[in-house]
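>
Protein chains: 2
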Amino acid sequence: LIMNTAIQNTQLDKFFNPASVAVIGASNAPFNLGATICNCLKEYIGFPGQVVAINRKAEAVNGYPGYSSVAHIPHEVDMAVIITPAAVVPQFVKECGEKGIRNIVIESAGFSEQGSEGNELQKEIDRYADRYKIRLLGPNCLGVMDNVSRFCCFYGAYEGIMDALNKAGGISYVIQSGGVGVLIIESLMDDMQGINKMVSIGNKSDVDEADMIDYFNHDNTQVIAMYLENVAHGEKLMKVARRVKKPIMVFKAGRTEAGRVAAMSHTAGMANNDAVFDSACRQSGIIRLKSINEIYSLPKMLTEMPLLRGNRIAAFTNSGAFGSISADIMVDAGLKMPKLAQQTREKLGKLKGVFNRNNPVDIGPAPPQVYLDILEILLSAEEVDGLLLMSSIWRDFVIDVIKEVMKMCKRYDKPASIYAPNSIGRIIAVRKQFNIPLFDSMEEAVRALVVSHEQFKYLRKKEKLMGEKS
Amino acid sequence: LIMNTAIQNTQLDKFFNPASVAVIGASNAPFNLGATICNCLKEYIGFPGQVVAINRKAEAVNGYPGYSSVAHIPHEVDMAVIITPAAVVPQFVKECGEKGIRNIVIESAGFSEQGSEGNELQKEIDRYADRYKIRLLGPNCLGVMDNVSRFCCFYGAYEGIMDALNKAGGISYVIQSGGVGVLIIESLMDDMQGINKMVSIGNKSDVDEADMIDYFNHDNTQVIAMYLENVAHGEKLMKVARRVKKPIMVFKAGRTEAGRVAAMSHTAGMANNDAVFDSACRQSGIIRLKSINEIYSLPKMLTEMPLLRGNRIAAFTNSGAFGSISADIMVDAGLKMPKLAQQTREKLGKLKGVFNRNNPVDIGPAPPQVYLDILEILLSAEEVDGLLLMSSIWRDFVIDVIKEVMKMCKRYDKPASIYAPNSIGRIIAVRKQFNIPLFDSMEEAVRALVVSHEQFKYLRKKEKLMGEKS
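Protein chains in written order, with the numbering used here: chain H, -16 to 453; chain V, -16 to 453.
1. So with Cβ pairs under 8 Å, would you call V433(H) a contact of chain V?
2. So the alpha helix (DSSP H) V163(H) belongs to, where does it begin and stop?
3. Which residues of the stretch 56 to 73 of chain V have a Cβ closer than 7 Å to any Cβ of chain H? Give them in chain order.
4. Taking L(-5)(H) as the reference, give the member of E365(H), V344(H), M195(H) with the closest Cα.
5. Would you call the stretch 112 to 120 of chain V and the stretch 91 to 100 of chain V touching, i.e. three or more CB-CB distances under 8 Å?
6. Under a CB-based cut-off of 8 Å, is G237(H) close to chain V?
7. Per DSSP, what kind of secondary structure is R79(H) in: helix, strand or coil?
8. Whose Cβ in chain H lies nearer than 7 Å to the Cβ of F305(V)?
9. Going by beta carbon distance, what residues of the same chain come within less than 7 Å of G139(H), once the five residues before and after it are set aside?
10. If you measure from the beta carbon of N405(V) to each beta carbon in chain H, is any gap under 8 Å?
11. Give the single residue among S280(H), E218(H), A215(H), N341(H) whose Cα lies nearest to the Cα of N242(V).
12. Sort out for me which residues DSSP pairs Y47(V) with in a bridge.
13. Reducing DSSP to helix, strand and coil, say where N15(H) ends up.
14. Which residue or residues does DSSP assign as beta-bridge partners of G369(H)?
15. Name the residues in the stretch 168 to 184 of chain V whose C-beta lies less than 7 Å from a C-beta of chain H; which are they?
16. Listed from N- to C-terminal order along the chain, which residues in the stretch 115 to 136 of chain V have their beta-carbon within a distance smaller than 7 Å of any beta-carbon of chain H?
17. Applying the criterion that 16 or more other CB atoms from any shown protein chain within 10 Å of the CB defines a buried residue, is G259(H) buried or exposed?
18. Tell me the DSSP bridge mates of Y156(V)?
19. Any residues in the stretch 77 to 97 of chain H with a beta carbon nearer than 7 Å to a beta carbon of chain V? Which ones, in chain order?
20. Considering only the alpha carbon of each residue, which of I108(V), D191(V), I357(V), N179(V) lies closest to G217(V)?
21. Report all residues from its chain with a CB closer than 6 Å to the CB of L(-16)(V); omit the five preceding and five following residues, and keep chain order.
22. Could you tell me the boundaries of the beta strand (DSSP E) in which V337(V) lies?
23. Helix, strand or coil for S3(H)? Go by DSSP, reduced to three states.
24. Using a cut-off of 9 Å between C-beta atoms, extract the partners of L166(H) located in chain V.
25. In chain order, what residues of the same chain have a beta carbon less than 6 Å from the beta carbon of R238(H), not counting five sequence neighbours either side?
26. Under 9 Å Cβ-Cβ, which residues of chain H neighbour V314(V)?
27. Determine whether the Cβ of P420(H) lies closer than 8 Å to any Cβ atom of chain V.
28. Determine, using beta carbons only, whether P13(V) comes closer than 8 Å to chain H.
29. Contact criterion: CB-CB distance below 8 Å. Does M454(H) meet it with respect to chain V?
30. Does M320(H) have its Cβ less than 8 Å from a Cβ in chain V?
31. Taking 8 Å as the CB-CB cut-off, is P350(V) touching chain H?
32. At a Cβ threshold of 8 Å, is A147(V) touching chain H?
33. List, in chain order, every chain H residue whose beta-carbon is nearer than 7 Å to that of A245(V).
34. To the nearest whole angstrom, what separates the beta carbons of H436(V) and N294(V), a pair I think is in contact under 8 Å?
35. Name the two residues that bound the continuous beta strand (DSSP E) containing L119(H).
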């Protein structure tokens, strides 16, 4: 099922970095979606390559020349974006094939997600794709966004997309829903991390999540995160995932019968047994997310902090209640709160303002150096694998303390998961302004520790497997 | 255990609306905490009553006259706030008793939460309180805040407290941690609801959560919400709660052994068996919260929306994925997603832009009237008890739609739980500006439905019990 990676990825490259694009279905009709793609390429991105519009009247769109047929385009085209009624899509795929276009994004809906008639159309597309060795994204998808090459062919993009494109980061997304894509883009604007690439795979008649994982394994992606509604080729996904050391996260809709029924009407695909999928993730080292919000909130733990090598966590707080609440959450999550060693307790005892030298460590109003001393004592303690740092930002110096702890974490090769018991508005503002990995809730901060340790264990297992093979 | 309610509550009134206050321990020493209370009363609140400071040097604080002893105060005093080292607190309680002060807030720490020595001090206080019929709040607490009478005796309050005091609302809080109190106050500034009263009960040597529930049952409180670390008088709590029809919510720390150990070092109290506590809540109609964040996020469901009378939910979304994701969450939460009746489906079929006439109902880009028509069809459907409304705010009209749905909900006596798959920053901004009950996540919106139905069932049970008795 897997093509030679190098060849496959060279062809997939064109989706992210085409020199020329044909937008099939773009016209000047009111509410035309193809026109929004032209508009995005021209106005928002200032795309440096060639763009043409294909429409019945051969009319220019947004200043890009228009042709009534793909065959009439007078130059080579790297990639076509099709956004026409479903019924005419197969014919356009054929025309693209004849023209030598080998990359097509089909954004139109109305295929296998809409019953037998759509299914037939999808099969017809597949036949042409096979015949002309075309790689297809979609149908029923939003297209691609690349914040490094600064390319985007999402339909309906508004001006805000520029902010997203200006904020390149390390996370690459594979999504099976445009709505989730928009939620991710908007949410990351409130966060510290940015997007590397985002691919919307829709009904994935050709390119699927496994292809994309393999692709992101060879580019500058740090974390791969996916939103899936179904998995058609489980074995292929597992085979690829096992070879990838970058963290792979997945949120899958349709865990329950009700969720599956809803998902099928959205992006087609067969119902998957959830237990089987869960087991496949564990076997192939894919982190399974518990909430869709985790798809944008958790990656920063993996990009900004060392992995959690054990499950023994020291909690630190400047308000006793949060120590107790977080202890409950940590126990539920399977983490351990070790007793601090005599030596550690003695070191803490020498500091002023420490209310509680047990784990969780709890302090009253204290100056920054006391915070730093405590956190370094805990990070350096042999009985501690990582920190849960919960300090309310009651003074600005707490922000400086957090920045310093980030450096300490690298030094000790142990992570800190950081939460501030402040309003979510304040958390967002501080996180964004100072570029620090603050989580939105205690639960999320604890989940980040769990996920970090899961990735550590997966990585060990994969390295061992790969070592045995070589 | 329970005093005559009317008499008890008249005495408790003084904590919220004293005509005169003595701040015992307020001085001009650097970092003096009593001085922060005087500052708050003078600068932030402009407290209209009399205030005096008690300190060794009899020095005036913030312009308030100072005396070296309670006995020297030349006028009557309604309430004393004690914030001195623990060792001298009993003596001051005695002096207050002799002076005729019957309401004392002890904010000082160093009592039963700190082992046997502190325990002895606390017992001494209790003896004086008994002798002089004093009602005590604390020790080891933050005091009270009342947004209606505009009174606050929290120590360490900063200027921002004025915003909170200017935002009176329907939620009254009983908290056993100052840190949680601050988190609530700050978080509600990002939300639509405001606080009615907040009482920090600390080690609760006298006034406890049961007394406060009884008190809030007779004032203008709409929802009672509590953060507890321990329950000393379970029977008393249950007896009071059974009589109260207002929603009572509780988040309790110390579910696990690790959490209990941490809680005990914070506000003393015995360890409670969590299963016993859980059962007590169910028997007496107390809603048990699952996350500390719910203490500020969920009350708006109960103040802004009718109760959920059954568990059959129709979901509506303008992005298919969220229908599927929410279906999973609802099933997990024990809610039902009924099949829509033929009649309902026919009505939906007459509207343009409806992608999916099943539950969840899923639409594409559509004008406001289509949104409103769909939502009214669903709310009026016999097979539907309530809505999960998940529409991204992609255009401003969605905000108007939500406002209109709030009115519809009252008309049909069915609730809608509302989430927007937008960034949290946008959710907060819209919620605050337009005063609409938007939840932060799908999970939270579903929890709000569960809690609303729980309260409906509790209320029915209580009404039946009370009916039988009368």
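Note that CB positions come from ideal geometry on N, CA and C, so glycine has one too. Since the model is a prediction, treat every value here as computed from it, not as a measurement.
For this structure:
1. With respect to chain V, the C-beta atom of V433(H) has no partner C-beta closer than 8 Å.
2. Here the alpha helix (DSSP H) through V163(H) covers 161 to 171.
3. Correct list: empty, as no residue qualifies.
4. When the alpha-carbon of L(-5)(H) is set against those of E365(H), V344(H), M195(H), the nearest one is in M195(H).
5. With the cut-off at 8 Å, the stretch 112 to 120 of chain V and the stretch 91 to 100 of chain V do not touch.
6. Cβ-Cβ to chain V under 8 Å: yes for G237(H).
7. Before going on, a small fix: residue 79(H) reads as Cys here, not Arg. Three-state result, C79(H): helix.
8. G162, listed in chain order.
9. Within the same chain, L16, T19 come within 7 Å of G139(H) by CB-CB distance, once the 5 residues on both sides are set aside.
10. It does: the Cβ of N405(V) has a partner Cβ on chain H nearer than 8 Å.
11. Checking the displayed sequence, the identity of residue 242(V) turns out to be Gly instead of Asn. Minimum Cα distance to G242(V) is reached at N341(H).
12. According to DSSP, residue pairing for Y47(V) in a beta bridge involves V44(V).
13. N15(H) falls in the coil class under three-state DSSP.
14. Answer is I296(H).
15. Per Cβ criterion, the list reads E169, S170, M172, D173.
16. Going along the stretch 115 to 136 of chain V in chain order, one finds no residue with a Cβ nearer than 7 Å to chain H.
17. Going by the sequence as given, residue 259(H) is Val instead of Gly. Burial call: exposed.
18. Paired residue(s): M181(V), A208(V).
19. Taking 7 Å as the Cβ-Cβ cut-off against chain V, none of the residues of the stretch 77 to 97 of chain H qualify.
20. In terms of CA proximity to G217(V), D191(V) leads the group I108(V), D191(V), I357(V), N179(V).
21. Since pLDDT at L(-16)(V) reaches only 41, below the 50 mark, its modelled position is unreliable, and the value read off the structure follows with that caveat. Take L(-16)(V), set aside five residues on each side of it, and the residues of its chain with a beta-carbon closer than 6 Å to its own are K219, in chain order.
22. Annotation: the continuous beta strand (DSSP E) that includes V337(V) extends over 337 to 339.
23. In the three-state reduction of the DSSP assignment, S3(H) falls in the strand class, which pools E and B.
24. What L166(H) touches in chain V: S302, A304, F305, S375, P404, N405, S406.
25. Within the same chain, Cβ atoms closer than 6 Å to the Cβ of R238(H) are found at D257, the five residues on either side in sequence being excluded.
26. Below the 9 Å Cβ cutoff, chain H contributes R238, T239, E240, A241, G242 as neighbours of V314(V), in chain order.
27. Output row for P420(H): interface = no.
28. Nearest CB-CB separation between P13(V) and chain H: not below the 8 Å threshold.
29. Given a span of -16 to 453 for chain H in the structure shown, any question on residue 454(H) remains unanswerable.
30. In terms of beta-carbon proximity, M320(H) lines the interface with chain V, with at least one pair separated by less than 8 Å.
31. No, no contact with chain H.
32. In terms of beta-carbon proximity, A147(V) stays away from the interface with chain H, with every pair separated by 8 Å or more.
33. Scanning chain H for C-beta atoms nearer than 7 Å to the C-beta of A245(V) yields G306, S307, A310, P343, reported in chain order.
34. Taking the Cβ atoms as the reference, H436(V) lies roughly 6 Å from N294(V), within the contact range of under 8 Å.
35. DSSP places L119(H) in the uninterrupted beta strand (DSSP E) bounded by 118 to 120.
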